[in-house]
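Adding 552 to a residue's 1-based position in the sequence shown gives its number in the working numbering.
The block underneath contains the structure these notes are about, expressed in C-alpha cells.
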Amino acid sequence: MPTPQIRADVAAARGGDDDAFERLVEATYNEIFTLAARLTQNHDDALDVVQEAYLRAYRGLIDFRGEARFTTWMHRITVNCASTLLSRRGRYRCDQIEQDVIELNGEYHPERRLDASEISFEVQSALDDLPTNLRVVVVLKDVFDLAHTEIANQLGISATAVKVRLHRGRKRMRLSVQASRETRESIASSSASYQVRHAM
C-alpha cells in the first residue's frame, strides 16, 4: 500500500506541484536506481535510465490514475527505459520463450528472496549473464519480491510467461553457479596436489 504521504504527493504533483514530484523522486530513487543497475549492469547506463524514467514519469503523471502504486508504475517505466537503452545499444535480444514450464532439480532453493546486500559474486555473475528478458523477471521477483501478476502487468506479458521466464532464469543461474564452483574446486584441488608433490 502506498503511504499517505506518497498518495498526497502524487495528487499534488498531478496538479503541477514540482516540490511534490521532487519528494516522490527522493522517496523512490534508491529503489529505482537499484532496479536500473540490475537491468543495465552498468552504473552510467543506470543513471541514464533513471533520469529518463523520471522524465517520462513527470511528463506522464497527468495520466496516472492510481490503479497501481506509484512505485509499481515507476518500475514499469524503468523497465521500458532500460529495454529501450539496451536495444539501442545492440545488447538486447528477446529470446523465443517456450510455453512449457521447466522444473528445477537439485538443491537450489529459488523461493528464497535474494537480498541485494547478500548476493554472492557467483550468483551476481550468473544474474548478469542472463539474457535481459530473463534477468528482468528474476530481478523483479527475487530482488524486489513482486507478485507474478505485478510483473506481468509491468512487462505486458501473461503471468504464465512470467513463471516460465522465472524458471528458465533460475535454472540458468543454478547451472552457472554450479559450473563456477566446480571449476574453482578443480583448480583448488590441482593446486593442492601440485604443492604436495613438490613438498615430497
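Glycine is no exception: its CB is placed at the ideal position from the N, C-alpha and C atoms.
Looking only at C-alpha atoms, which of the options sits nearest to residue i?
i    : options                : result
N632 : A598, T555, E674, R621 : A598
A589 : A731, L727, L637, E734 : L637
R566 : V601, I629, G612       : G612
T555 : G618, A605, E604, L607 : G618
V688 : L718, S710, V675       : L718
Tell me whether residue i sits in a helix, a strand or coil according to DSSP, three-state version.
i    : result
F616 : coil
G567 : coil
D697 : coil
Q593 : coil
T555 : coil
S710 : coil
R621 : coil
I739 : helix
Less than 9 Å between the C-beta atoms of residue i and residue j, yes or no?
i    : j    : result
T580 : T623 : yes
I703 : V714 : yes
F573 : Y610 : yes
R736 : V690 : no
L698 : L692 : yes
L707 : R628 : yes
D561 : D569 : yes
S732 : T684 : no
V602 : A678 : no
What residue does the alpha helix (DSSP H) around residue i start on, and which one ends it?
i    : result
V675 : 673-681
L686 : 684-690
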